[in-house]
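So for the sequence shown, our numbering puts the first residue at 455; every next one is plus one.
We put the beta carbon where it would ideally sit given N, CA and C, even for glycine.
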Amino acid sequence: MVTSLQQNPPPRHKVRAGALLLAAGFSRRFRGSKLLAPLPHVAATVFEQTLSRLSQSAEEIIIVCRPEMTAEFTASIDKTLSRHVSPPAAPIVRLVEFDAAHLGMGASLSFAAQQIDGWEVCLVCLADMPYVCAQTYALLAERCSSASLVTPYFEGKRGQPTAFGSSYFDELRQLQGDTGARELLNKHAAQTLALDIDDGGILRDIDTRDDLESGT
């Protein structure tokens, strides 16, 4: 009798994945703090709903904000985790201050990536995208490895967040200006997995007050 090795496959290694949540923008087009704006028909702000959904999938979250916003975000984090996430499922959340956000998103992302410790996969997430489904974060982390990148697509359009394997962390740490991670995705297109998902939330961010819609 021949026994296939596939009958008893080895246990799959669980990748240690974390998330960088970028919340250091200036909301200039919104004319006010868009992340602290309440979503219609939802008992949460833009930031709180984004964090609530991300918290259901990430084991560790590093949030980058400007120093003058620390108190507001600290209160929002406490509120969100106490209402929507129960121990032991609650992630480790760290709020770090970045006083050079005026240099652009690339600078903020570089600073955030310097805070990573021991992750194999990093989700780069934007705090002004409250409609991304919790399952999307989990799926991207699951499909990424230390040597790959994963980008989500909905109806042929690339959205956010993006998953980066640890092989690319040093390049994230070297970003500058306002280009974000786009240049890395273009540079490493051959190593990037384009993942089609049924989540229109990956294309919906909050830029102006007209963007405030009922969540799903």
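Can you find a C-beta in chain E that's less than 7 Å from the C-beta of Q568? Here chain E cannot be found, since the structure has a single protein chain.
Can you tell me the Cα-Cα spacing of S481 and A601, whole angstroms? The residue labelled residue 481 in the question sits at position 27 within the sequence shown. The residue labelled residue 601 in the question sits at position 147 within the sequence shown. Taking the straight line joining both Cα atoms gives about 34 Å.
Beta-carbon contacts of T662 that lie in its chain and below 8 Å, excluding the five residues immediately before and after: Working through the sequence shown from its first residue, we reach residue 662 at position 208. Here the set comprises R483, F484.
By Cβ distance below 6 Å, which residues in the same chain neighbour F618 in space, the five residues on each side in sequence not counted? If you number the sequence shown from 1, residue 618 lands on position 164. Excluding sequence neighbours, F618 sits near C576, L603.
Who pairs with C576 in a beta bridge, going by DSSP? Looking up residue 576 in the sequence shown gives position 122. Partner(s): G472, F618.
Going by alpha carbons, who is nearest to D632 out of G479, R470, A471, D652? The sequence position of residue 632 within the sequence shown is 178, counting from 1. Checked all of G479, R470, A471, D652; the closest Cα to D632 is G479.
Among residues of its own chain, excluding the 5 on either side of L505, which ones have a beta-carbon nearer than 6 Å to its beta-carbon? The residue you call residue 505 lines up with position 51 of the sequence shown. Within the same chain, L505 has close Cβ partners T534.
S564 to L629, Cα distance in whole Å? Along the sequence shown, one-based indexing puts residue 564 at 110. Along the sequence shown, one-based indexing puts residue 629 at 175. Between S564 and L629, the alpha-carbon positions lie close to 5 Å from each other.
Closest to A473 by CA distance: which of L638, R548, C587 is it? The residue given as residue 473 occupies position 19 in the sequence shown. Nearest of L638, R548, C587 to A473, Cα basis: R548.
When you compare only the Cα positions, how much space is there between D532 and A635? Taking the sequence shown and counting its residues from 1, one reaches residue 532 at position 78. Taking the sequence shown and counting its residues from 1, one reaches residue 635 at position 181. Rounded to the nearest angstrom, the two C-alpha atoms are 29 Å apart.
Determine the contact status of D582 and K488, defining contact as a CB-CB distance below 7 Å. What you label residue 582 is simply residue 128 of the sequence shown in a count that begins at 1. What you label residue 488 is simply residue 34 of the sequence shown in a count that begins at 1. Cβ distance < 7 Å, so D582 and K488 count as in contact.
Go ahead and label S536 buried or exposed: buried means 16 or more other beta carbons lie within 10 angstroms of its beta carbon, across all protein chains shown. Numbered from its first residue, the sequence shown carries residue 536 at position 82. Exposed, because fewer than 16 other Cβ atoms sit within 10 Å of the Cβ of S536.
Given D659 as reference, the closest of V550, P615, I515, L639 once Cα atoms are compared: Locating residue 659 in the sequence shown gives position 205, counting from the first residue. Comparing Cα-Cα distances from D659 to each of V550, P615, I515, L639, the minimum goes to P615.
Would you mind listing the alpha helix (DSSP H) stretches within the stretch 553–608 that are 4+ residues and don't spill past its ends, in chain order? Counting whole runs of 4 or more residues, the stretch 553–608 contains the alpha helix (DSSP H) stretches 559–567, 588–597.
Which residues mark the beginning and the end of the alpha helix (DSSP H) in which D650 is found? Here the question's residue 650 lines up with position 196 in the sequence shown. Annotation for D650: no alpha helix (DSSP H) segment contains it, though the beta strand (DSSP E) segment containing it runs 646–650.
If you count every other CB in all the chains shown that lies within 10 Å of the CB of G560, and 16 or more means buried, which is it? Here residue 560 refers to the residue found at position 106 when the sequence shown is read from its first residue. Buried is the label assigned to G560, since at least 16 other Cβ atoms lie within 10 Å of its Cβ.
Own chain residues within Cβ distance below 8 Å of S530, not counting five before or after: Mapped onto the sequence shown, residue 530 falls at position 76. Excluding residues within five positions, the ones whose Cβ falls inside 8 Å are L490, T499, F501, E502, L505.
Where does I656 sit, in a helix, a strand or coil, going by DSSP? Walking along the sequence shown from the start, residue 656 turns up at place 202. I656 falls in the helix class under three-state DSSP.
DSSP has I517 in a bridge; who is on the other side? Stepping through the sequence shown from its first residue, residue 517 is reached at position 63. Bridge partners of I517 according to DSSP: L475, L549.
Have a look at L666 and D652 and give me their C-alpha separation to the nearest angstrom. Position 212 of the sequence shown, counting from 1, holds the residue named residue 666. Position 198 of the sequence shown, counting from 1, holds the residue named residue 652. Distance between the alpha carbons of L666 and D652 is about 21 Å.
Using a Cβ-Cβ cut-off of 7 Å (strictly less than) and excluding sequence neighbours within five positions of A492, which residues of its own chain qualify? Locating residue 492 in the sequence shown gives position 38, where the first residue counts as 1. Here the sequence assigns Pro to residue 492, which means Ala is not the residue at that position. For P492, where only same-chain residues beyond five positions count, the Cβ hits under 7 Å are T499.
Would you kindly report the start and end of the unbroken alpha helix (DSSP H) that includes K641? Within the sequence shown, the letter at position 187 stands for residue 641. Start and end: 636–641.
Can you give me the C-alpha to C-alpha distance between L657 and T605, rounded to a whole angstrom? Counted from its first residue, the sequence shown places residue 657 at position 203. Counted from its first residue, the sequence shown places residue 605 at position 151. The straight-line gap separating the alpha-carbon atoms of L657 and T605 is approximately 12 Å.
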